[in-house]
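Protein chains in written order, with UniProt numbering: chain E, 1 to 311; chain G, 1 to 328.
Structure first, then comments.
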Amino acid sequence: MVRFLGLRLARALLTLVLVVTFAFIVLRLSGDPALLIMSADAPPEAIAAFRQAWGLDDPVWQQYLRYFTAIFRGDLGQSMRDGRPAIELVAERVPATLALTLPALAMKIGLGIPAGIYAALHRNSFADRAVMLLAVAGFTVPSFVLGLLLVLVFAVQLGWLPSGGQDSWRHAILPVLTLGIGGAAVLARFTRSAMLEVLGQPYMRTALAKGVPWHVAVRRHALPNAAIPTVTIVGFMVGSLLAGAVVVESVFSWPGVGRLLVVAVANRDLAVVQCILLLVATTMVSANLIVDLLYGALDPRLRAQAKGANG
Amino acid sequence: MNTLVTIRDLRVAFDGVPALHGIDLDVGSGEALALVGESGCGKSVTWLAALGLLPSKAQVTGSVRLDGQEILHAPPARLDAIRGGRIAMIFQDPASSLNPVHRIGRQITEALRLHRGLTGEAAREEARRLLDRVGMPDARRRLQAYPHELSGGQNQRVMIAMALAGEPELLVADEPTTALDVTIQAQILDLLSEIRRDTGMALVLISHDLGVVAETCERVCVMYAGRIVEETAAQTLFAAPAHPYAAGLMAALPPMTGVRRRLAAIPGGVPEPWSMPRGCAFAPRCPLRGVACDAAVPPLATVAPGHRAACLRPQSQVAATGRLLVPA
C-alpha cells in the first residue's frame, strides 16, 4: 500500500513538473510580455529596462531554472502588472470561484446521480425518456450559450435575477445554475449507463434468485458496483473546481480565478498565469489521487492489483 | 412421489416474439430431472420465467404451481420467500454470478438471514459449515475472500453453498459446469448428486451436455425451439430415443466403446423464433418428415409407459421394426 501510494505520488509530482514546464515554454513562445505590458509605443530604453528588471533578457534556460528553483522555495513570482506576489492575487480570487463551483458541484451530484439512478431503474419509462432528453439538452448546449440564455430569460425578460457581478448571493444563482445543469446532465447520463450495465450483470440475477428483495438488491448489490465508474466522473468534477468556471465567470463578470486567468493570459502576466496553472494542475492531480484511493476502497479487485504492485 | 412443481402451458415472449410455446412439466419431490437442448431452446427461460427472474419486457403466461400454490406473477414478497428458500437456482458463469465487491461470507450469510433468520456469529458459523459441505478447503478463511480470489470451480461451490443456505426443496442448476474445466465439472456434478442424496432435495439440471445428464439425472426432458419434444427416463433416452431430434443428438455422440465412427451432425439449423414453421419445428431438418408434419404442431403423446414424444412418427416404433435412424 505504501509503495502503491508512493508510486502514485511520484506520478502526480511528475505531472505537475510537466505542466509547469509546458506552461513556461508556451508562454515564452507566445509573445513578449514587455511589449504587451509597456505597450509597443513605449521608448526602447523603458522596454529594455523592463526586460532587465524581470530577467527577460537572460537565456530561456536560466529563466526556467530560476523559476523552477523559486517554486521550491514557495515563491511563485510577482505579477508584472502591479508587482504583487502572484500567489496573493490568485488566492484572493479563489473564494469567489469556489462560491460558484462548490454549490454547482453539490447540484451536479445531488441532481445528476439520483436522476441517473431513477432513469436506469425505470428504463424506457416516460420519466426515463424525459430525464435523458433533459440530460442530452443539458450537456450539448455549451455553457456560454446556456449562460446567455439564462440571462436573457431570468435577468432581461423576467428581471428576477441580476445578470452579472458579485454583490449578493442572488448574483451567484445564474452562474451556479449554468455550471450545475451541464454537469448534472453529464453525471445523470453516466450514472444511468453505469446502473444499466450493473443491473444486467449475472450477480444481480443471483441476488434476486436467492430471495433478496428488489430494492435491497439495488441498494446492496447494484449501487456499490455502479459507484465505481461514477466516482471517476465526480473526481474529474472535483478536479475542475478551480478551473471549471473560466467561461461562466467571463459570461457573468464574476471576479474569480477564471477571469483572472483570462486577463493574465491576455496581458502575458507570466507569473500569474503560471501560478494559476500550477494551482489548477495541483487540484486536478489531487482529485485524481483521491479517485485512485477511492477505487481501491470500492473495488477489491483493484485493491488486489495495488497489493500486487507492492510486490 | 408427490409433485413439487407443476408447470402448465408456460409461455414466454420477448417483445412479442415467442420463445416458449407452452411448456408442461412436473418435478417430483427429490427427483433429478434434466432439461436438455441447444442454446436458445428455452430451457433456462423456462425456469427464469417460473421464478419471475426474467426482465419485465418478457410476457409470461401460463401456470407454475409449487405444492399446488400458484407462484407465477405472485406478489414480490412471496416470490422473495420462495426464491432461495424453496427453489434455489445456480448459474452458468460462477465468476460473474457472484458480486465482485462483497466477500463471499457476506454473500452466503445474506441468504442465511433472509431464509433462516441467522445473523452475526451464528450466520458466519453456518456459512463456514456450508462451505465445508461443498468441499471448499480452508472454509473459515475463504469466508473473507472475494470472488476474484477464487477459481471458477471454487466460485461454483460458493454458489452451491449459497443455494443450500435456504435449505431449498428444489435446486435448479442452469448449466452449472459449462464454464468449468472437465475435471472440475465431474467434481461439481458429484457434489450435486451427493447433496441430493443427503438432503432429499430435488434437482433440475439444465444442460446441453448429454454426458452430464446421463451421469446425474433419472428423467430427461429434451427441448427444441421452445417446446418439450421428448420426456422419458434417462436410460430410455439413450437406448431408444423416440423423437428424431433426440435420436439425432444421440447419433452425434461419440460411442464410448467399439469402433470409432464418423459422428453424425443434424443438418440445417434451429428456426429463428420469429419465423417458426407452422407444423413441427424440427420438420425442416427431419429425415422422417411427412406431409402431416407441416400441418400442425404435434402434441406430446405417450409412445410407451413413462415415455412421451411430440412426434407423428416416433422413432422407438421404427427402431422396433429394425430400422435404425442415422441422419445423413
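The beta carbon of each residue, even a glycine, is placed where N, CA and C say it ideally should be.
Checklist line | Three-state secondary structure (DSSP) of P85 (chain E) | finding: Counted from its first residue, the first sequence places residue 85 (chain E) at position 85. Note: P85 (chain E) maps to strand in three-state DSSP.
Item checked: Cutoff 9 Å: W54 (chain E) Cβ touching any chain G Cβ -> Numbered from its first residue, the first sequence carries residue 54 (chain E) at position 54. So, not an interface residue.
Next item on the list: Output, in chain order, the set of chain G residues within a Cβ distance shorter than 9 Å of V234 (chain E).
Entry: Counting from 1 along the first sequence, the entry for residue 234 (chain E) is found at position 234. Correct list: empty, because the minimum Cβ distance to chain G is about 18 Å.
Check: Do you know offhand how far G28 (chain G)'s Cα is from S96 (chain G)'s?
Finding: Walking along the second sequence from the start, residue 28 (chain G) turns up at place 28. Walking along the second sequence from the start, residue 96 (chain G) turns up at place 96. So the alpha carbons of these two residues sit roughly 31 Å apart.
Check: Going by beta carbon distance, what residues of the same chain come within less than 7 Å of A292 (chain G), once the five residues before and after it are set aside?
Finding: Along the second sequence, read from residue 1 onward, the residue named residue 292 (chain G) stands at position 292. Closer than 7 Å at Cβ, skipping near neighbours: L312.
Next item on the list: Quick one: give me the first and last residue of the beta strand (DSSP E) that T283 (chain E) is part of.
Entry: The residue labelled residue 283 (chain E) in the question sits at position 283 within the first sequence. Careful: T283 (chain E) lies outside any beta strand (DSSP E), inside the alpha helix (DSSP H) at 270 to 298.
Check: So what's Q62 (chain E) in DSSP terms, helix, strand or just coil?
Finding: On the first sequence, position 62 is the one that residue 62 (chain E) refers to. Three-state DSSP puts Q62 (chain E) in a helix.
Next item on the list: Please report the Cβ distance between V212 (chain G) and W47 (chain G), rounded to the nearest whole angstrom; I am assuming they are in contact, meaning their Cβ atoms lie under 8 Å.
Entry: Within the second sequence, the letter at position 212 stands for residue 212 (chain G). Within the second sequence, the letter at position 47 stands for residue 47 (chain G). Their Cβ separation, rounded to whole angstroms, is 17 Å, which puts V212 (chain G) and W47 (chain G) out of contact at 8 Å.
Next item on the list: With 9 Å as the threshold, decide whether the Cβ of T21 (chain E) is near any Cβ in chain G.
Entry: Translated into positions along the first sequence, residue 21 (chain E) becomes position 21. With 9 Å as the cut-off, T21 (chain E) does not count as an interface residue toward chain G.
Check: Whose CA, out of E:S39, E:D58, E:P44, lies closest to the CA of R28 (chain E)?
Finding: Counting from 1 along the first sequence, the entry for residue 28 (chain E) is found at position 28. Of the listed residues, the one whose Cα sits closest to R28 (chain E) is E:D58.
Next item on the list: Write down every uninterrupted run of the beta strand (DSSP E) in the segment 129 to 199 of chain G whose length is 3 residues or greater and which is fully enclosed by it, in chain order.
Entry: 170 to 174
Checklist line | Sheet register partners of E230 (chain G) (DSSP bridge) | finding: Indexing the second sequence from 1 puts residue 230 (chain G) at position 230. Its beta-bridge partners are G:V222, G:A309.
Check: If we call anything under 9 Å between Cβ atoms a contact, is G182 (chain E) one with S143 (chain E)?
Finding: Here residue 182 (chain E) corresponds to residue number 182 of the first sequence, with the count starting at 1. Here residue 143 (chain E) corresponds to residue number 143 of the first sequence, with the count starting at 1. Yes. Within cutoff.
Check: When you compare each of E:L158, E:T206, E:L179, E:G147 to G164 (chain E) by their alpha carbons, which one comes out closest?
Finding: On the first sequence, position 164 is the one that residue 164 (chain E) refers to. Comparing Cα-Cα distances from G164 (chain E) to each of E:L158, E:T206, E:L179, E:G147, the minimum goes to E:G147.
Notebook entry, point to check: Can you give the Cα-Cα distance for L324 (chain G) and A239 (chain G), rounded to whole angstroms?
Noted result: Reading the second sequence from its first residue, position 324 is the one you call residue 324 (chain G). Reading the second sequence from its first residue, position 239 is the one you call residue 239 (chain G). Because L324 (chain G) carries a pLDDT of 46, less than 50, the predicted location of this residue cannot be relied on, and no value is offered for it.
Check: Is it right to say S207 (chain G) is buried, meaning 16 or more other beta carbons lie within 10 angstroms of its own, or is it exposed?
Finding: The sequence position of residue 207 (chain G) within the second sequence is 207, counting from 1. So S207 (chain G) counts as buried.
Checklist line | Residue closest to E197 (chain E), alpha-carbon to alpha-carbon, out of E:I228, E:W214, E:A184 | finding: Counting from one through the first sequence, the residue named residue 197 (chain E) turns up at place 197. Of E:I228, E:W214, E:A184, the residue nearest in Cα terms is E:I228.
Notebook entry, point to check: What's the gap between the Cα of V273 (chain E) and the Cα of T101 (chain E)?
Noted result: As a first step, residue 273 (chain E) is located in the first sequence; it is residue number 273 there, counting from the start. As a first step, residue 101 (chain E) is located in the first sequence; it is residue number 101 there, counting from the start. Answer to the nearest angstrom: the Cα atoms are 20 Å apart.
Next item on the list: For A251 (chain G), name the three-state secondary structure that DSSP assigns.
Entry: As a first step, residue 251 (chain G) is located in the second sequence; it is residue number 251 there, counting from the start. Of the three classes helix, strand and coil, the one that applies to A251 (chain G) here is helix, per DSSP.
Check: Rounded to a whole number of angstroms, what is the C-alpha to C-alpha distance between M201 (chain G) and L66 (chain G)?
Finding: Along the second sequence, read from residue 1 onward, the residue named residue 201 (chain G) stands at position 201. Along the second sequence, read from residue 1 onward, the residue named residue 66 (chain G) stands at position 66. Cα to Cα, M201 (chain G) sits roughly 14 Å from L66 (chain G).
Notebook entry, point to check: Taking all protein chains shown into account, do 16 or more other C-beta atoms lie within 10 angstroms of the C-beta of R66 (chain E), making it buried, or fewer, making it exposed?
Noted result: Within the first sequence, the letter at position 66 stands for residue 66 (chain E). It counts as exposed.
Notebook entry, point to check: In whole angstroms, what is the alpha-carbon distance linking P147 (chain G) and L112 (chain G)?
Noted result: Within the second sequence, numbered from 1, the residue matching residue 147 (chain G) stands at position 147. Within the second sequence, numbered from 1, the residue matching residue 112 (chain G) stands at position 112. If I take the Cα positions, the gap works out to 18 Å.
Notebook entry, point to check: Should L191 (chain G) and G258 (chain G) be called a contact, given that it needs their Cβ atoms to be closer than 9 Å?
Noted result: Start at 1 with the first residue of the second sequence, and residue 191 (chain G) comes out as number 191. Start at 1 with the first residue of the second sequence, and residue 258 (chain G) comes out as number 258. No, the pair does not count as a contact, with Cβ atoms beyond the cut-off.
Notebook entry, point to check: Should residue 329 (chain G) be labelled buried (16 or more other beta-carbon atoms within 10 Å of its own) or exposed?
Noted result: Beyond the ends of chain G as shown, which are 1 and 328, falls residue 329 (chain G); an answer cannot be given.
Check: Of all the options G:V222, G:A295, G:G22, G:P18, which has the alpha carbon lying nearest to the alpha carbon of T6 (chain G)?
Finding: By one-based count along the second sequence, residue 6 (chain G) stands at place 6. If we check each option's Cα against that of T6 (chain G), G:G22 comes out closest.
Checklist line | Residues of the segment 94 to 127 of chain G whose Cβ lies closer than 7 Å to any Cβ of chain E, in chain order | finding: S96, S97, L98, N99, P100, V101, E110, A111, L114, H115
Notebook entry, point to check: With distances taken between CB atoms, is the gap from Y203 (chain E) to H221 (chain E) smaller than 9 Å?
Noted result: Within the first sequence, the letter at position 203 stands for residue 203 (chain E). Within the first sequence, the letter at position 221 stands for residue 221 (chain E). Yes, Cβ-Cβ distance for Y203 (chain E) and H221 (chain E) is below 9 Å.
Next item on the list: Check whether the segment 171 to 185 of chain G touches the segment 111 to 127 of chain G, taking contact to mean three or more Cβ pairs, one atom from each stretch, closer than 8 Å.
Entry: no
Notebook entry, point to check: Residues in its own chain within less than 8 Å of N310 (chain E) by CB, not counting five upstream and five downstream?
Noted result: The residue labelled residue 310 (chain E) in the question sits at position 310 within the first sequence. In this predicted model, N310 (chain E) has a pLDDT of only 46, less than 50, meaning its place in the structure is not dependable; the value taken from the coordinates is given anyway. Excluding positions up to five away in sequence, the list reads M1, V2, R3, F4.
Next item on the list: Over the uninterrupted beta strand (DSSP E) stretch that includes H21 (chain G), give me the two end residues.
Entry: By one-based count along the second sequence, residue 21 (chain G) stands at place 21. It spans 17 to 28 - the beta strand (DSSP E) in which H21 (chain G) sits, taken as one unbroken run.
Next item on the list: Note down, in chain order, every chain G residue with its Cβ under 9 Å from the Cβ of R205 (chain E).
Entry: As a first step, residue 205 (chain E) is located in the first sequence; it is residue number 205 there, counting from the start. Within chain G, the residues near R205 (chain E) are L48, L53, M89, F91, S97.
Next item on the list: Tell me L10 (chain G)'s beta-bridge partners as DSSP assigns them.
Entry: Your numbering for residue 10 (chain G) matches position 10 in the second sequence. According to DSSP, L10 (chain G) bridges with G:I23.
Next item on the list: Determine, using beta carbons only, whether I117 (chain E) comes closer than 9 Å to chain G.
Entry: Mapped onto the first sequence, residue 117 (chain E) falls at position 117. Not closer than 9 Å to any Cβ of chain G, the Cβ of I117 (chain E) fails to qualify, so no.
Notebook entry, point to check: If P119 (chain E) sits next to M107 (chain E), beta carbons under 8 Å apart, how far is it from one beta carbon to the other, in whole angstroms?
Noted result: Translated into positions along the first sequence, residue 119 (chain E) becomes position 119. Translated into positions along the first sequence, residue 107 (chain E) becomes position 107. In the sequence under discussion, the amino acid at residue 119 (chain E) is Ala, which differs from the Pro named in the question. Wrong, their Cβ atoms sit about 17 Å apart, outside the cutoff.
Item checked: Neighbourhood of R123 (chain E) by C-beta, 7 Å cutoff - its chain only, sequence neighbours within 5 removed -> Translated into the one-based positions of the first sequence, residue 123 (chain E) becomes position 123. Within the same chain, R123 (chain E) has close Cβ partners L196.
Notebook entry, point to check: Going by beta carbon distance, what residues of the same chain come within less than 7 Å of V291 (chain E), once the five residues before and after it are set aside?
Noted result: Taking the first sequence and counting its residues from 1, the one referred to as residue 291 (chain E) is at position 291. Within the same chain, V291 (chain E) has close Cβ partners V231, T232, G235.
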